[in-house]
Amino acid sequence: METVELDPTDAAELTALYAEYGWWADRDAGAVAAALSNTDLALGVRDGGTLVAAARVLTDFAYYARVYDVVVAADRRGEGLGRALLSALADDERLRGVNLALLCREGLVPFYESAGFEPYPETVGLPEGGEEPLVRMVRPREGLRDDEGGDASADDETRVEGGGGGGDNGESRDDEA
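Sequential numbering from 1 applies to the sequence shown in full-length UniProt numbering.
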């Protein structure tokens with residue numbers, strides 16, 4: 001197995017991997033190619049040349065790096081591919097000075113903790129003192145699916161977010177990566 005950088009030429013394979021999950025069944029190779037060409041870093045795991053896991057990151061390489069679309073082939077879950085992929089992202093030289101952020105459903109917190117992620121506080125300290133809750137916001141666009149701006153998690157899918165941009169708000173479908 002090898003970890004490789006993905007580009008738009010990998011769109012058909014990545015689209016097929018996404019198609020294993022109901023929430024991503026409507027993605028087409030053209031849109032996935034466009035997403036990959038506008039992604040700052042996309043990594044995949046290949047086994048015998050076959051793409052079996054992938055993740056994307058949108059980042060400014062200085063302050064923010066948001067993990068999106070973590071996906072592991074359904075028949076390969078439980079083999080540690082998701083953890084290996086997240087480790088490869090964390091170890092990538094271009095991301096070493098930036099914290100990786102994501103959003104997942106509550107049931108996947110132990111998995112992401114095992115990959116080195118920590119829950120982020122739900123409140124923020126104010127400069128004038130005190131705290132306020134953090135609220136995820138979206139500006140919906142007519143005709144876009146709900147997951148284009150803010151997703152509700154499905155039982156068999158993981159959603160990972162870094163917020164804003166990238167179309168699907170950092171969803172990840174990787175229940176047992």
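Where is the CB? At the ideal position from N, CA and C, for every residue including glycine.
Take the Cβ of residue i as the centre, count every other Cβ of all protein chains shown within 10 Å, and call the residue buried at 16 or more, exposed below.
i, result
"E13", "buried"
"R66", "buried"
"T123", "exposed"
"R136", "exposed"
"V72", "buried"
"A54", "buried"
"G143", "exposed"
"residue 196", "This structure leaves residue 196 out entirely; the chain is present only between 1 and 177."
"A35", "buried"
Of the choices the options, whose alpha-carbon is the least far from that of residue i?
i, options, result
"Y63", "G97, D40, L41, A31", "G97"
"L95", "G125, V57, G78", "V57"
"A33", "L6, Y68, D92", "L6"
"L17", "F111, N99, R105, T50", "T50"
"A74", "E20, D60, E142, D47", "E20"
"N99", "D60, R76, L126", "D60"
"D91", "L41, L103, P8, T9", "L41"
"P8", "R105, V70, T39, G107", "T39"
"R105", "V52, V70, L43, A25", "V70"
"E48", "G107, E93, V4", "This sequence places Gly at residue 48; Glu is not what is there. Measuring from the Cα of G48, the nearest candidate turns out to be V4."
"G80", "F111, R27, L43", "F111"
"G44", "L102, G107, R27, A88", "A88"
"A101", "E113, E93, G107", "E113"
In the DSSP assignment, what are the bridge partners of residue i?
i, result
"R139", "R139 pairs with nothing; no bridge assigned."
"Y64", "Y64 pairs with nothing; no bridge assigned."
"R46", "E2, L51"
Using C-beta distances below 6 Å, list every residue in its chain close to residue i, excluding the 5 sequence neighbours before and after it, in chain order.
i, result
"A115", "R83, L86"
"A29", "A11, A12, T15"
"E2", "R46"
"A25", "A19"
Can you find the residues in the same chain that come closer than 8 Å, C-beta to C-beta, to residue i, ignoring five residues on each side of it along the sequence?
i, result
"L126", "E132"
"R27", "T15, Y18, A19"
For residue i, which residues in the same chain have their Cβ closer than 7 Å to its Cβ, ignoring the five residues on either side in sequence?
i, result
"residue 245", "Shown here, the chain extends from 1 to 177; a query on residue 245 therefore has no answer."
"S37", "P8"
- Looking at C-beta atoms only, is the number of pairs between the region 112-119 and the region 127-136 that lie closer than 8 Å three or more? no
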